[in-house]
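Asks: Chains A and B, in that order, give the protein sequences. Counted from 1, the first sequence has number 166 at position 167 by numbering that gives the first Met the number 0; the numbering is strictly sequential. Counted from 1, the second sequence has number 11 at position 12 by numbering that gives the first Met the number 0; the numbering is strictly sequential. The structure that follows is given in the form of structure tokens.
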Amino acid sequence: MGTVAANDLDGVAMEDSLLKIGPFELNSRLIVGSGRYENAAMMRQALDFSGSDCITVAIRRERLHDAHGDNLLDHIDSDQTILLPNTAGCYSAKDAVRVANLGREILRALGNPGADWVKLECLGDSRTLLPDPISTLEATKILVADGFHVLCYTTDDPVIARRLKQAGAAAVMPAGSPIGSGQGILNPNNIRIILEYLKNEDPEYPVIVDAGIGTASDVAQAMELGADGVLLNTAIAHARHPLVMATAMRHAMLAGRQAFLAGRIPKRLYAAASSPMEGVIATHPFPRNETK
Amino acid sequence: MIVQVNEQAVETTTGITILDLLKQLDLTTRHIAVEVNLNIVPFESHSNTILRDGDQLEVVTLVGGG
């Protein structure tokens with residue numbers, strides 16, 4: 000045990016490694032999105048309070064008639080932050096590959112290390128924003144062949160998660176629940192199975208819970224299950240007080256990760272008294288039937 | 000000549016380079032990537048890539064996203 004430089008928890012903390020995804024090393028295990036903020040100043044502060052050093056961004060057409068407005072990068076210190084471009088809004092492997100390459104070009108021109116990775120999103124349904132597993136797999140193969148480190152947004156299906164890893168994904172990112180829904184982790188057992196399958200004989204392989212986070216306890220839950228990180232956006236951006244929520248998320252990340260490293264007690268059906276039985280002053284009202 | 004930029008027709012000078020078109024559109028200080036007819040043109044080549052009438056350009060930038 001020792002103290003961890005990257006956090007400000009009081010007392011002892013388990014030594015922790017950095018989050019490694021492909022060649023990238025992140026100080027914070029929280030990856031935050033830059034979308035849906037009321038204004039750019041709020042976004043910038045919230046990103047700071049979250050403690051994250053990796054921020055997701057989207058690629059969109061430049062406006063030709065109103066190009067004088069703020070650019071996102073006016074509000075993000077891209078020298079201190081690794082940008083993670085996404086392919087949000089793409090419904091086919093072809094579009095996702097195209098957008099990934101455009102993102103790479105923008106980040107390459109910026110000199111940001113994020114040029115070599117991408118958060119792959121290949122959607123299959125506009126109402127649930129659930130990914131299309133088949134085009135996600137197809138795009139993963141193409142992008143891996145193009146030299147990208149691909150972080151795959153996917154469902155919590157362990158079988159497709161395993162296929163994505165086999166296809167060369169740098170990280171698999173199962174959704175806790177649909178994007179922006181705030182429902183948290185609907186099927187923790189699937190997340191457990193994904194972690195078991197993908198980390199079997201490869202414990203460092205990164206699995207990141209992406210999407211659906213509603214509040215701090217969802218982040219802690221993901222980390223307690225053994226996830227390597229959490230990616231979230233709306234839970235902070237649309238909280239009534241985004242800056243307070245960003246801080247709460249940072250603490251939940253540390254709490255959940257430390258709880259995982261500390262090792263929780265096993266769950267048991269019956270009670271186990273915390274106080275000794277020896278010397279207790281009490282009469283026992285029922286026949287003792289507990290097993291010894 | 001006319002080129003299409005993000006599906007909008009833009010009237011410009013014959014033989015213009017990508018860089019000069021970006022100047023015309025006041026987009027040079029932005030963080031952008033440019034595709035011409037679906038091929039990305041690396042930023043290093045913007046100054047020596049000459050556009051042709053009818054070329055289809057995409058000019059994209061970064062926006063907030065999750």
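All residues carry an ideal CB built from backbone N, CA and C; glycine is no exception.
Can you give me, in chain order, the residues of the segment 48-64 of chain A that have a beta carbon less than 7 Å from any beta carbon in chain B?
Replies: Per Cβ criterion, the list reads T55, V56, A57, I58, R59, R60, E61, L63.
Asks: Assess contact between the segment 255-262 of chain A and the segment 57-75 of chain A, defined as three or more Cβ pairs (one per stretch) separated by less than 8 Å. Is contact present?
Replies: No, they do not touch.
Asks: Based on the DSSP secondary-structure assignment, which residues constitute the bridge partners of N38 of chain B?
Replies: B:V35, per the DSSP bridge assignment.
Asks: Measuring alpha carbon to alpha carbon, tell me which residue in A:P241, A:M244, A:A160, A:G167 is nearest N208 of chain A.
Replies: A quick correction: the sequence has Val, not Asn, at residue 208 of chain A. It is A:A160.
Asks: Under a three-way DSSP split, which group does T2 of chain A fall into?
Replies: Unreliable positioning characterises T2 of chain A in this predicted model, as indicated by a pLDDT of 43, which lies under 50. The coordinate reading is nonetheless provided below. Coil, per DSSP.
Asks: With a threshold of 16 other CB atoms inside 10 Å of the CB of M42 of chain A, please say whether the residue is buried or exposed.
Replies: So M42 of chain A ends up on the buried side.
Asks: Taking 8 Å as the cut-off, decide whether the C-beta atoms of L72 of chain A and L26 of chain B are in contact.
Replies: No, they are not a contact pair.
Asks: Please say whether M0 of chain B and T13 of chain B have beta carbons closer to each other than 8 Å?
Replies: Cβ distance < 8 Å, so T13 of chain B and M0 of chain B count as in contact.
Asks: Using the three-state DSSP reduction, which class does N188 of chain A fall into: helix, strand or coil?
Replies: Helix at N188 of chain A.
Asks: Exposed or buried, what is P22 of chain A when buried is set at 16 or more other beta-carbons lying within 10 Å of its beta-carbon?
Replies: Burial call: exposed.
Asks: Would L253 of chain A and F48 of chain A be called neighbours here (beta carbons separated by less than 8 Å)?
Replies: No, the pair does not count as a contact, with Cβ atoms beyond the cut-off.
Asks: If we count the other Cβ atoms within 10 Å of its Cβ and call it buried at 16 or more, is S44 of chain B buried or exposed?
Replies: Classification of S44 of chain B: exposed, given that the 10 Å Cβ count is below 16.
Asks: Are any of the Cβ atoms in chain A nearer than 8 Å to that of Q7 of chain B?
Replies: Closer than 8 Å to some Cβ of chain A, the Cβ of Q7 of chain B qualifies, so yes.
Asks: Less than 8 Å between the beta carbons of R28 of chain A and R256 of chain A, yes or no?
Replies: Result yes, Cβ atoms of R28 of chain A and R256 of chain A sit closer than 8 Å.
Asks: For M222 of chain A, name the three-state secondary structure that DSSP assigns.
Replies: It is helical.
Asks: Considering R51 of chain B, what are the terminal residues of the beta strand (DSSP E) in which it resides?
Replies: It is not in any beta strand (DSSP E) - R51 of chain B carries neither H nor E in the DSSP assignment.
Asks: May I ask you to report which of helix, strand or coil DSSP gives A166 of chain A?
Replies: Three-state DSSP puts A166 of chain A in coil, outside helix and strand.
Asks: Check the C-beta distance from N85 of chain A over to G63 of chain B and give it rounded, since I have them as a contact under 8 Å.
Replies: Actually they do not touch by this definition, with Cβ atoms about 11 Å apart.
Asks: Would you say E37 of chain A lies against chain B (beta-carbon separation less than 8 Å)?
Replies: Judged by the 8 Å Cβ criterion, E37 of chain A is not in contact with chain B.
Asks: With distances taken from CA atoms, which of A:R126, A:L101, A:A12, A:I212 is nearest G175 of chain A?
Replies: The shortest Cα separation from G175 of chain A among A:R126, A:L101, A:A12, A:I212 belongs to A:I212.
Asks: Should G123 of chain A be flagged as near chain B, meaning a C-beta pair shorter than 8 Å?
Replies: By this cut-off, G123 of chain A is not an interface position.
Asks: Which two residues bound the contiguous alpha helix (DSSP H) that contains L106 of chain A?
Replies: Residues 92-109.
Asks: I believe P205 of chain A touches G228 of chain A by the beta-carbon criterion, under 8 Å. Please report the beta-carbon distance rounded to the nearest angstrom.
Replies: Rounded, the Cβ-Cβ distance is 7 Å, consistent with contact.
Asks: CB S77 of chain A to CB L101 of chain A, shorter than 8 Å?
Replies: In this structure, L101 of chain A does not lie closer than 8 Å to S77 of chain A by Cβ.
Asks: Does DSSP put G255 of chain A in a helix, a strand or coil?
Replies: In the structure shown, G255 of chain A sits in a helix (DSSP, three-state: H, G or I).
Asks: Would a check of beta-carbon distances place G32 of chain A closer than 8 Å to chain B?
Replies: Yes, contact with chain B.
Asks: I'd like the list of long-range same chain contacts for N189 of chain A, defined as Cβ closer than 8 Å, with 5 residues on each side in sequence excluded.
Replies: Only D155, D156, P157, P173 meet the Cβ criterion.
Asks: Name the two residues that bound the continuous alpha helix (DSSP H) containing L18 of chain B.
Replies: Segment 17-23, the alpha helix (DSSP H) holding L18 of chain B.
Asks: Just list the residues that DSSP pairs D209 of chain A with in beta bridges.
Replies: The partner list for D209 of chain A (beta bridge, DSSP) reads A:L230.
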